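Numbering (the numbering used here), first residue to last: 365 to 794.
C-beta atoms are modelled at their ideal positions from N, C-alpha and C, and glycine is treated no differently.
Just so you know, these numbers come straight off a predicted model, no measurement behind them.
These notes concern the structure reproduced below.
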Amino acid sequence: MSDARDVPVDPTSFERLASQNLTYRVIDTASRADAEAFVRADARGFLDAEPETAAVEADIVGITDRRNIGVFEAESEAGTWPVATINSWVTPLTVPGGEIDMWAISSVTVSGTHRRRGIARALLEGELRAASSAGVAIAGLTVSEATIYGRYGFAPAIPVAKVTVDTRRAGWAGGEPNGSLEYVDKQALKKNIAVLHEIERTQRSGQVAGWDRRWERVAGLAAGDPKAASRRGVRYLDEDGATRGVMSYSLAEIPGTFHSELAITQLSAVTADALRALWGFAIQHDLVDKVTVDLRAVDEPLPWLVKDRRGVEVSVHDHGWLRILDVAAALTARTYRAPLDLVFEISDPLGFAAGLWRVQVAGGRATVSADSGGSADAVLDVGALSAIYAGGVSATELHAAGRLDATTEVAASIDDAFRSTHAPVLGIWY
């Protein structure tokens with residue numbers, strides 16, 4: 365796996381920003397002043413409260429294995445807050461039938477004092493060129509604003525569900541687990557979540573590897589987290605005593621009711637029995653009238669585990685965004701559910717994926733080659749191809765929306781091949 369920290373800043377973006385008297389450089393995390401400035405600017409960019417010293421120290425440790433880039437006014441001294449930030453690292457992305465290295469992008473901020481100067485464009489295009497130069501075939505991010513990233517070829521590829529349960533109406537019909545449930549302290553909670561996520565992430569397309577700072581926050585161990593004290597944990601042990609599921613959650617009183625809302629922060633289950641057991645725990649919890657959780661798979665089985673499914677509200681929204689950079693490498697990294705033999709014409713304003721590509725699928729695997737002289741069976745942009753890549757977005761839906769130019773039969777054949785058996789999911793932010 366490539367190390368993003370070995371990749372220098374993109375020269376095109378460097379020159380573009382230098383023309384505005386801005387310096388675009390990698391942050392030296394060995395410099396306490398530079399690292400703290402990056403962390404504090406990142407918090408400001410996401411409208412967070414000013415982080416306490418302990419939180420800053422922990423966040424500095426958390427970014428040391430990433431490629432952190434800041435944009436500064438020219439000739440700024442060390443320790444000056446950057447006016448824009450971004451960071452990246454290479455992580456495995458689970459895809460149908462395996463995984464692929466992905467250039468993960470995070471911490472994208474531009475100061476309110478430096479808007480509309482092309483800084484975000486320089487940052488994002490710079491990351492894509494850096495990823496391509498490192499031989500990474502796909503980039504990904506989770507977004508706070510959904511209107512920004514399509515212009516760079518990203519597309520929402522991994523939809524997720526936010527689930528809200530009225531426990532009094534829904535009731536429970538999922539039976540009793542074969543194993544047992546037990547509370548865990550926060551250190552054990554962190555360890556269990558880290559271990560189970562690493563197993564769980566290989567079971568569905570769309571997941572990425574976690575990291576220590578993420579699990580500290582989920583378990584209520586992160587310094588400076590005002591919600592840390594309310595975090596609780598419970599795990600499920602199978603009949604042999606092995607941990608197969610774990611849940612981090614918090615309780616908050618619903619005003620005027622003496623009853624509470626149970627908000628699930630993380631639910632990781634590697635068996636169906638563990639999933640049922642943890643849902644049963646939450647829905648049947650004493651004095652809990654409402655259960656909420658986000659970032660669940662859109663085919664979450666919960667509505668089939670309650671007495672009244674109208675007590676379960678499922679709201680689907682975009683979460684994981686992907687951007688293919690190398691068509692052949694990306695498409696040959698995954699498996700397919702049906703045979704295919706088509707020529708795709710892909711447009712890409714940044715050039716990475718543009719061209720005619722013949723995709724032949726046999727035995728679940730694809731052979732991809734450039735096709736310079738053929739005619740296209742399907743015409744689409746790189747965003748549409750990226751959207752269907754993980755297996756969670758319908759090619760026929762894109763066809764109906766005018767994002768895939770092909771016959772109805774061709775669109776259906778693409779859908780048959782690209783769709784994953786289970787809905788992809790991305791259970792964390794990054």
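Where residue 642 is concerned, the enclosing alpha helix (DSSP H) starts and stops at 636-647.
Here residue 613 is buried. Its C-beta has 16 or more other C-beta atoms within 10 Å. Between residue 528 and residue 656, the C-beta gap is smaller than 7 Å, which places the two residues in contact. The beta carbon of residue 418 lies closer than 6 Å to those of 587, 588 in the same chain, with the five residues before and after it left out. Between residue 725 and residue 696, the C-beta gap is not smaller than 7 Å, which leaves the two residues out of contact.
Annotation: residue 673 to residue 667 spans about 5 Å, alpha carbon to alpha carbon. For residue 556, the secondary structure class from DSSP, reduced to helix, strand or coil, is helix. Residue 445 is not a Cβ neighbour of residue 503, given a cutoff of 7 Å. Here DSSP, grouped into helix, strand and coil, assigns residue 396 to helix. As summarised for the region 512-575, the continuous beta strand (DSSP E) elements at least 3 residues long and confined to that stretch are 519-530, 544-548, given in chain order. A direct Cα-Cα distance of roughly 6 Å separates residue 769 from residue 744.
Under the 8 Å Cβ criterion, the region 396-415 counts as touching the region 429-448, having at least three qualifying pairs.
The alpha-carbon separation between residue 604 and residue 638 amounts to approximately 13 Å.
Looking from the CA of residue 617, the closest CA among 727, 782, 653 belongs to 653. Note on the region 459-509: whole beta strand (DSSP E) runs with a minimum of 3 residues are 462-474, 502-506, in chain order.
Within the same chain, Cβ atoms closer than 7 Å to the Cβ of residue 459 are found at 569, 697, 698, 754, the five residues on either side in sequence being excluded. Sequence-distant partners of residue 415 (beyond 5 residues in either direction) whose C-beta falls short of 8 Å from its own C-beta, in its chain, are 403, 404, 407, 423, 588. A Cβ-Cβ separation of about 6 Å places residue 786 in contact with residue 663 under the 8 Å criterion.
Around the C-beta of residue 410, fewer than 16 other C-beta atoms lie within 10 Å, and the residue is accordingly described as exposed. When secondary structure is reduced to three states using DSSP, residue 625 falls in the strand class. In this structure residue 477 is exposed. Its beta-carbon is surrounded by fewer than 16 other beta-carbon atoms within 10 angstroms. Of all alpha-carbon atoms in 702, 691, 703, 681, the one lying nearest the alpha-carbon of residue 709 is that of 691.
With contacts defined as CB atoms closer than 7 Å, residue 538 and residue 749 fail to qualify as a contacting pair. Of the residues 592, 526, 767, 609, the one whose Cα lies closest to the Cα of residue 598 is 609. Residue 777 carries a helical assignment under DSSP once its states are collapsed to helix, strand and coil. Between residue 377 and residue 517, the C-beta gap is not smaller than 7 Å, which leaves the two residues out of contact.
For residue 426, the enclosing alpha helix (DSSP H) starts and ends at 417-427. Pairing residue 739 with residue 534, the inter-Cα distance amounts to about 54 Å. When DSSP reads this structure, residue 630 sits in a beta bridge with 612.
According to DSSP, residue pairing for residue 685 in a beta bridge involves 505, 520. One alpha carbon belongs to residue 779, the other to residue 437, and they sit about 48 Å apart.
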